[in-house]
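S.K.:
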Amino acid sequence: MTKKVLLTSILTVFLLATTFAQERRVVKGNKKYAEYSFSPAIDIYKKVIDKGYVTSELLEKLGNSYYFNANYEEAEKVYKQLIETYGNEVGPEYFFRYGQTLKTLGDYKNSDSILARFADMTANDLRSKIIKTAKVYREEIARNSGRYDIELFEYNSKYSDFAPAF
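Going by my numbering, the first residue of the sequence shown is number 15, and it counts up by one from there.
This is the structure:
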């Protein structure tokens, strides 16, 4: 009986110490995030997640860190996990960023679906009004593409060319 109590106590202390260590790392990552040092924050957040400590706030900040560094492939994975796991707790801003990320990656069908959810959540937001009233912009882009040819200008030199502006 005493062995079981002792073993349970040791296991509990070990688990609490591990949790405390992960929370310390999260605080350190949050400090880097607040300083807009997104690359160091990414490294810290990834280590914490690899240890099994995952929260909605952690995924939000990791996704944003990737998003603000234009690493949209990784941001998409994190935002997807965030919305699938914590969909009811997530604010509309993350639906918008996830939709924009999908659009950047060329996944227009899923992007339209996620952005429609964002628009439903935020009726008074200007972005949601634009999303709801926007015409089919991809068709217009396709129609306007190819109207101009871009060619090299033969008079440019290998140096920085400047001219006066009047």
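We put the CB at the ideal spot given by N, CA and C, even for glycine.
Would you please state the rounded distance, in angstroms, between the beta carbons of T115 and Y93? I believe it to be under 8 Å.
M.R.: Within the sequence shown, residue 115 is the residue found at index 101, counting from 1. Within the sequence shown, residue 93 is the residue found at index 79, counting from 1. With a Cβ gap of about 6 Å, T115 and Y93 count as contacting.
S.K.: Which residue comes first and which comes last in the alpha helix (DSSP H) that contains S79?
M.R.: Stepping through the sequence shown from its first residue, residue 79 is reached at position 65. From DSSP, the alpha helix (DSSP H) with S79 extends over 70–82.
S.K.: Just to check my reading of the structure: R39 and I58 have Cβ atoms closer than 8 Å, yes? What is that Cβ distance to the nearest angstrom?
M.R.: Residue numbering aside, residue 39 sits at position 25 when the sequence shown is read from its first letter. Residue numbering aside, residue 58 sits at position 44 when the sequence shown is read from its first letter. Going by Cβ atoms, the distance from R39 to I58 rounds to 6 Å, so yes, they are a contact pair.
S.K.: What residue does the alpha helix (DSSP H) around N13 start on, and which one ends it?
M.R.: Residue 13 falls outside the range modelled here, since the chain spans only 15 to 180, and no answer is possible.
S.K.: Using 8 Å for Cβ pairs, my map puts E90 next to L119. What's the rounded Cβ distance?
M.R.: As a first step, residue 90 is located in the sequence shown; it is residue number 76 there, counting from the start. As a first step, residue 119 is located in the sequence shown; it is residue number 105 there, counting from the start. About 6 Å separates the two Cβ atoms, so the contact holds.
S.K.: Would you check if there are 3 or more beta carbon pairs closer than 8 Å linking the region 92–110 to the region 130–138?
M.R.: They touch, by the three-pair rule.
S.K.: Exposed or buried, which one is S79 when buried takes at least 16 other CB atoms within 10 Å?
M.R.: Counting from one through the sequence shown, the residue named residue 79 turns up at place 65. Its Cβ being crowded by 16 or more others within 10 Å, S79 is buried.
S.K.: In whole angstroms, what is the alpha-carbon distance linking L30 and L72?
M.R.: Translated into positions along the sequence shown, residue 30 becomes position 16. Translated into positions along the sequence shown, residue 72 becomes position 58. Any reading at L30 is ruled out, since the residue's pLDDT is 46, under 50, leaving its predicted position unreliable.
S.K.: Taking 8 Å as the threshold (C-beta atoms), are Y100 and S70 in contact?
M.R.: Position 56 of the sequence shown, counting from 1, holds the residue named residue 70. Position 86 of the sequence shown, counting from 1, holds the residue named residue 100. Cβ distance < 8 Å, so S70 and Y100 count as in contact.
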